[in-house]
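Enquirer: Numbering (UniProt numbering), first residue to last: 1 to 448. Note that beta-carbon positions come from the ideal geometry of N, C-alpha and C, so glycine has one too.
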DNA sequence: TTGACTCAACATCCTTTGCTACAA
DNA sequence: TTGTAGGTTTCCATGTTGAGTCA
């Protein structure tokens, strides 16, 4: 008795004469084609089930020859430990390590050890190029690329999440290992299909912030594997990352700002009370948004909330405070983070500091970051662009003028000041400016 | 190759005080 | 008794990105 497995359009197709394929994990009969198939990610389970029953297998999935790769780096203790934990879990799982702690090196080691065709999936074109450079210089083999205007497959290939999704039907059976960089993205409604459509038995997820507020990290754990190793910034501070300190500075609204804030916030709170919305479950806010589609008062309440948020986040007193921080850290490299692009341009004009937002073109962005790296600029102000997925030069001071309640964003911003300087004993500071007696106090509390 | 554009996807967007069912 | 989680759909706005198209 022989069973044949092959890959077709994001699924594993099972051909068998004397065996009922639906007894295998995830396999169902497809009435349209008359074949038996399972989502590609069940491939490994199906193989294991067949092995257990001692059934001969004609496996047509793994095509490319094994790779002979060696790593020139020495791993640090914790990287070694993380890798062992991943092996112990059967080459599946997520490693949670802070920015700058060498997640890439860890993945390179995993790729070298397994020596199977590997796809690395990343969220941005910037990271796409970084990873390709890294793989090429480390392993000295051709590296393929899906995304950023290129579609070329190799035994080692890097892809954006978007392109991985678009190519999955086509190449989902070609890889033995998939590495998901910034794996928390995989929880997105559409992106999670990537993990389902690829057959790769070995999976490694990398992130600094695994948990998602919407709970979708559980889906990720199902598809990639659970967190097998984690360390936070505190555990690495001093030896491998900079010592750091978070300083919260409270500022007050001016009289006119306070008046505007109370008026707008009041409009929102009044509506919420009248409508009987308690925010007892996470979806209550969604409900309010749905209502605003048809109920003008709900819409007005949301818009008022928006304006209130703008007042509290962009308070004038924060600019004065920023001026003092610039004075205190004269000559040091400083990154300023905000939530609104308007404020970025205002700060840029007032302090004569280069600005980066989503409107800044790729060339100009590269140029600003280059000058920042080389010390020509010592300060940069950015909206949310520099939070993730960009290679940002080390800074020793970060200033969060405004941000969301997202723990992820906070961790990422902190990561921007954590990489050790060349002298290895830099002390980093992250300032957090919070407007007192506003909802921002809650927002700031939530992110930590 | 580039730049400008559109489009779709993703992420965040939240108040104070209180009801109900259910698990530990 | 005490704590904890609870079910839905079709979307106010802003910021950011990648893919695709066209000149």
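Locate the alpha helix (DSSP H) running through residue 96, then write down its first and last residues.
Expert: First-last for residue 96: 92 to 96, but that is the beta strand (DSSP E), not the alpha helix (DSSP H).
Enquirer: Looking at C-beta atoms only, is the number of pairs between the region 108 to 120 and the region 254 to 263 that lie closer than 8 Å three or more?
Expert: Touching, no, given that fewer than three Cβ pairs across the two stretches are closer than 8 Å.
Enquirer: Please confirm whether residue 264 and residue 305 have their CB atoms less than 9 Å apart.
Expert: Contact flag set, yes.
Enquirer: Quick check on the DSSP output: the alpha helix (DSSP H) that includes residue 271 runs from which residue to which?
Expert: 255 to 274 is the extent of the alpha helix (DSSP H) around residue 271.
Enquirer: Alpha carbon to alpha carbon, what distance is there between residue 333 and residue 422?
Expert: Below a pLDDT of 50, predicted positions are generally treated as unreliable, and residue 422, at 45, falls in that range; no measurement from the model is reported.
Enquirer: Starting from residue 39, follow the beta strand (DSSP E) in both directions and report where the run begins and ends.
Expert: Looking at the DSSP string, the run of the beta strand (DSSP E) that includes residue 39 is 35 to 39.
Enquirer: I'd like to know if the region 87 to 99 and the region 216 to 231 are in contact, where contact means that at least 3 CB-CB pairs between them fall below 8 Å.
Expert: Short answer: they touch.
Enquirer: Spatial neighbours of residue 10 within its chain, please: CB distance less than 6 Å, with the 5 preceding and 5 following residues excluded, ordered by chain position.
Expert: If we look at residue 10 and ignore the five residues flanking it on each side, its Cβ neighbours are 40, 168, 169, 172 and 197.
Enquirer: List the DSSP bridge partners of residue 382.
Expert: For residue 382, which the question treats as bridged, DSSP gives the partners 337 and 356.
Enquirer: Per the DSSP calculation, residue 452 is bridged to which residue(s)?
Expert: What is shown of the chain runs 1 to 448, which leaves residue 452 out entirely.
Enquirer: Assign residue 422 to one of three DSSP states: helix, strand, or coil.
Expert: Low per-residue confidence applies at residue 422: pLDDT is 45, beneath 50, and the placement is therefore not dependable, though the value from the model is reported in the following sentence. Reduced to three states, the DSSP call for residue 422 is coil.
Enquirer: Where do the ends of the alpha helix (DSSP H) carrying residue 317 lie?
Expert: That run of the alpha helix (DSSP H) goes 316 to 328.
Enquirer: Can you tell me where the beta strand (DSSP E) with residue 181 in it begins and where it stops?
Expert: Start and end: 177 to 181.
Enquirer: If we call anything under 9 Å between Cβ atoms a contact, is residue 396 one with residue 242?
Expert: For residue 396 and residue 242, yes; Cβs fall inside 9 Å.
Enquirer: Of the residues 266, 189, 329 and 38, which one's Cα is nearest the Cα of residue 22?
Expert: The shortest Cα separation from residue 22 among 266, 189, 329 and 38 belongs to 38.
Enquirer: If you draw a straight line from the alpha carbon of residue 340 to that of residue 268, how long is it in whole angstroms?
Expert: Residue 340 and residue 268: Cα-Cα distance of roughly 21 Å.
Enquirer: Ignore the nearest five residues each way along the sequence and tell me which others in residue 152's own chain have a CB closer than 6 Å to its CB.
Expert: Here the set comprises 144 and 145.
Enquirer: Tell me the DSSP bridge mates of residue 411?
Expert: DSSP, once it has assigned bridges, lists no residue as partnering residue 411.
Enquirer: Enumerate in chain order the residues of its own chain whose CB-to-CB distance from residue 64 is below 6 Å, with the five nearest sequence positions on each side excluded.
Expert: Result list for residue 64: 117 and 155, in chain order.
Enquirer: Which same chain residues, not among the five before or five after residue 66, have their C-beta less than 8 Å away from its C-beta?
Expert: Hits under 8 Å: 115 and 116.
Enquirer: Measuring CB to CB, does residue 123 end up less than 9 Å from residue 73?
Expert: Contact flag unset, no.
Enquirer: Name the one or two DSSP bridge partners that residue 5 has.
Expert: For residue 5, which the question treats as bridged, DSSP gives the partners 14 and 59.
Enquirer: Quick check: the Cα distance between residue 343 and residue 213, rounded to an integer number of angstroms?
Expert: Their Cα atoms are separated by approximately 27 Å.
Enquirer: Less than 9 Å between the beta carbons of residue 373 and residue 393, yes or no?
Expert: It is a contact, given that the beta carbons lie within the stated cut-off.
Enquirer: Tell me, please, whether the region 194 to 208 touches the region 216 to 224 by the rule of three or more beta-carbon pairs shorter than 8 Å.
Expert: Contact holds: three or more Cβ-Cβ distances are below 8 Å.
Enquirer: Quick one: give me the first and last residue of the beta strand (DSSP E) that residue 243 is part of.
Expert: 243 to 251 is the span of the beta strand (DSSP E), which, as asked, contains residue 243.
Enquirer: Is there contact between the region 178 to 196 and the region 17 to 35, where contact requires at least three CB pairs shorter than 8 Å?
Expert: Cβ pair count under 8 Å is below three, so no.
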